[in-house]
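K.L.:
Sharing a structure, written as structure tokens. Questions coming.
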Amino acid sequence: MKILYISPEHISGTLPLFCKGHRDRGNYARYVTMFPTRFNFPEDMIMNLPLHPDKGWIIKGRTFLQKLRGIEPEAHQPVGNPPFWEPGGFVGSTFFRTRDYLIKNLVHKYMDNYKLWDYDIYHYEQGLDFLRDSSIAEKLKSNGKHIVCFYHGNDVRNRGVIKKIHELSDLNLTSELDLLEKYPGLKYLFLPIDTNEVVPVPHENKKVKIAHATRSRFNKGSDHIIETVKRLEQKYPVELVLMENVPHNEVMEIKSKCDIYIDQIADKGGWGYGMSSVESLAQGIATCTYLNEKYLEFIPGHGFINVNYDNLEKELVKLINDNAYRCEIALKGREWVVKVHDIKVVMDSLYNYYKEAGIIH
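So this note's numbering is basically just the index in the sequence shown, starting at one, shifted up by 118.
So, in structure tokens, the structure goes:
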């Protein structure tokens, strides 16, 4: 069986992990990205298409058009179950039709050259086809191929589901708990990590190192986190290790020598935790994040310290003052992530979903 992952860009580090999980089961798996990664993740096949949607001038244009229509870009959330994507009026529709026209031949040529038509299962990261008209997905489906979509959060919350992809997909997955309420039939899949590769690194620090990595200060509550740790630096032997828009391999190296990791303290950009927390748990680091009541019900026995704007300082002081407690939390987190997030466990869940959807027998 041949599996191909298709993604606009490699942004989470999970694509090679999923491919490894498939290969370990005797299957052939690769991934192709439309644009090069900005975060130093490993690449497989890169198409290098023009008109990257995150190009500065495109973002500014999109934001300007949304404001003309009275829409606040950060706050905009399409409605519906699932919420479907709308191109954004005449200008938006024209942009995507023109973009599809300009890149269609490039996409077909790349797929012909690299034999991308010859796979059995196609995983669409973010539920996105190479072309916004979803014509590649339509052709694949007409040829008897299976389509699986994996949604990561804002692709449903802020953009909306591409209706044609929704109609064509055999299975829809997410690692974002809140999306289950927005998209009927969506299946939850824990993010994978190879806990044999990502392991605790012995280290001894004169000061307790408290790490925080962020790409969005607003979503993570980073300003409050930084302010709190800076205040603690005046009273305790601690050191803030801030990683902002730092390449992934550097983040992993820096975090491995830290004692405490803080992910986020609110639900502004999505519930719970992401890949960075999964990695810090696997590294044996006492990990703090905000878990709301629904998340606490969903993952009983989790390995996190539950923090928010009100209790962050108090919970950090406990971790700073009690080394044995900090080590206990770190060990519990490591054990939990091996049990729930290890690549073998996640692949078992994925293949069970394949069976339920009739993709395999």
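C-beta: ideal position from N, C-alpha, C; glycine also.
So, residue 413 versus residue 425, is the Cβ gap smaller than 7 angstroms?
P.N.:
Their beta carbons are not under 7 angstroms apart, which means residue 413 does not touch residue 425 by this criterion.
K.L.:
Can you tell me which of the three DSSP states residue 175 falls into?
P.N.:
In this prediction, residue 175 has a pLDDT of 46, which is less than 50 and means its spatial position is unreliable; nothing more can be read from the coordinates.
K.L.:
Once DSSP output is grouped into helix, strand and coil, what is the label at residue 284?
P.N.:
Residue 284 falls in the helix class under three-state DSSP.
K.L.:
Would you mind stating whether residue 384 and residue 339 have Cβ atoms separated by less than 7 angstroms?
P.N.:
Cβ atoms of residue 384 and residue 339: closer than 7 angstroms.
K.L.:
Using a 10 Å radius around the Cβ and a threshold of 16 neighbouring Cβ atoms, would you call residue 321 buried or exposed?
P.N.:
Under this definition residue 321 is an exposed residue.
K.L.:
If we ignore side chains and look at the alpha-carbon of each, how far apart do residue 296 and residue 388 end up?
P.N.:
Going by the C-alpha atoms only, they are around 7 angstroms apart.
K.L.:
Based on Cα-Cα distance, which residue from 277, 219, 258, 237 lies nearest to residue 244?
P.N.:
Cα-wise, what sits closest to residue 244 is 277.
K.L.:
When the Cα of residue 204 is compared with those of 411, 280, 452, 416, which residue comes out closest?
P.N.:
Measuring from the Cα of residue 204, the nearest candidate turns out to be 280.
K.L.:
For residue 270, is the classification buried or exposed, using 16 other Cβ atoms within 10 angstroms of its Cβ as the cut-off for buried?
P.N.:
Answer is buried; the Cβ neighbour count reaches 16.
K.L.:
Which same chain residues, not among the five before or five after residue 430, have their C-beta less than 8 angstroms away from its C-beta?
P.N.:
Around residue 430: 342, 343, 346, 380, 383, 406.
K.L.:
Quick one: measure Cβ to Cβ for residue 241 and residue 123, integer angstroms, because I've assumed they're closer than 8 angstroms.
P.N.:
Yes, they are in contact, since the Cβ atoms of residue 241 and residue 123 sit about 4 angstroms apart, within 8 angstroms.
K.L.:
With 16 other CB atoms within 10 Å as the buried threshold, where does residue 261 fall?
P.N.:
Classification of residue 261: exposed, given that the 10 Å Cβ count is below 16.
K.L.:
Tell me where the alpha helix (DSSP H) around residue 384 begins and ends.
P.N.:
Counting along the chain, residue 384 falls outside any alpha helix (DSSP H), and DSSP gives it neither H nor E.
K.L.:
Put residue 201 into one of helix, strand or coil per three-state DSSP.
P.N.:
Reduced to three states, the DSSP call for residue 201 is strand.
K.L.:
For a quick check, are the C-beta atoms of residue 72 and residue 197 less than 7 angstroms apart?
P.N.:
The chain is shown from 119 up to 479; residue 72 falls before or after that span and cannot be answered.
K.L.:
Please report the Cβ distance between residue 228 and residue 165, rounded to the nearest whole angstrom; I am assuming they are in contact, meaning their Cβ atoms lie under 8 angstroms.
P.N.:
5 angstroms between Cβ atoms; contact.
K.L.:
If you count every other CB in all the chains shown that lies within 10 Å of the CB of residue 419, and 16 or more means buried, which is it?
P.N.:
Exposed.
K.L.:
Quick check: what's the CA-CA separation for residue 399 versus residue 441?
P.N.:
Between residue 399 and residue 441, the C-alpha separation is close to 17 angstroms.
K.L.:
By Cβ distance below 8 angstroms, which residues in the same chain neighbour residue 309 in space, the five residues on each side in sequence not counted?
P.N.:
Correct list, in chain order: 130, 132, 293, 392, 393, 396, 459, 464.
K.L.:
Just to confirm the assignment: which complete beta strand (DSSP E) runs, minimum length 3, are found wholly within the stretch 307 to 350?
P.N.:
For the stretch 307 to 350, whole beta strand (DSSP E) runs of length 3 or above, ordered along the chain, are 326 to 332.
K.L.:
Based on the DSSP output, what are the partners of residue 269 in its beta bridges?
P.N.:
The partner list for residue 269 (beta bridge, DSSP) reads 292.
K.L.:
In terms of alpha-carbon separation, which member of 421, 288, 199, 329 lies closest to residue 258?
P.N.:
It is 288.
K.L.:
With a 10 Å radius around its C-beta and 16 neighbouring C-beta atoms as the bar for buried, classify residue 479 as buried or exposed.
P.N.:
Exposed, since its Cβ has fewer than 16 Cβ neighbours within 10 Å.
K.L.:
According to DSSP, simplified to helix, strand and coil, what is residue 129?
P.N.:
Residue 129: coil per DSSP, three-state reduction.
K.L.:
Excluding the five sequence neighbours on either side, which residues of its own chain have a C-beta within less than 8 angstroms of the C-beta of residue 439, listed in chain order?
P.N.:
Excluding residues within five positions, the ones whose Cβ falls inside 8 angstroms are 354.
K.L.:
Starting from residue 239 and walking both ways along the beta strand (DSSP E), at which residues does that stretch end?
P.N.:
239 to 243 is the extent of the beta strand (DSSP E) around residue 239.
K.L.:
Roughly how many whole angstroms lie between the Cα atoms of residue 247 and residue 125?
P.N.:
In a straight line, the C-alpha of residue 247 is about 8 angstroms away from that of residue 125.
K.L.:
Could you pull the start and end residues of the beta strand (DSSP E) that residue 360 belongs to?
P.N.:
Per DSSP, residue 360 belongs to the beta strand (DSSP E) from 356 to 362.
K.L.:
In three-state terms, what does DSSP make of residue 400?
P.N.:
In the structure shown, residue 400 sits in a helix (DSSP, three-state: H, G or I).
K.L.:
Output needed for residue 267: all residues of its chain with C-beta closer than 6 angstroms, excluding positions within five of it in sequence on either side, in chain order.
P.N.:
Taken in chain order, the residues that qualify are 242, 245, 287, 290.
K.L.:
Does the beta-carbon of residue 313 have 16 or more other beta-carbons within 10 angstroms, so that it is buried, or is it exposed?
P.N.:
Residue 313 should be labelled buried.
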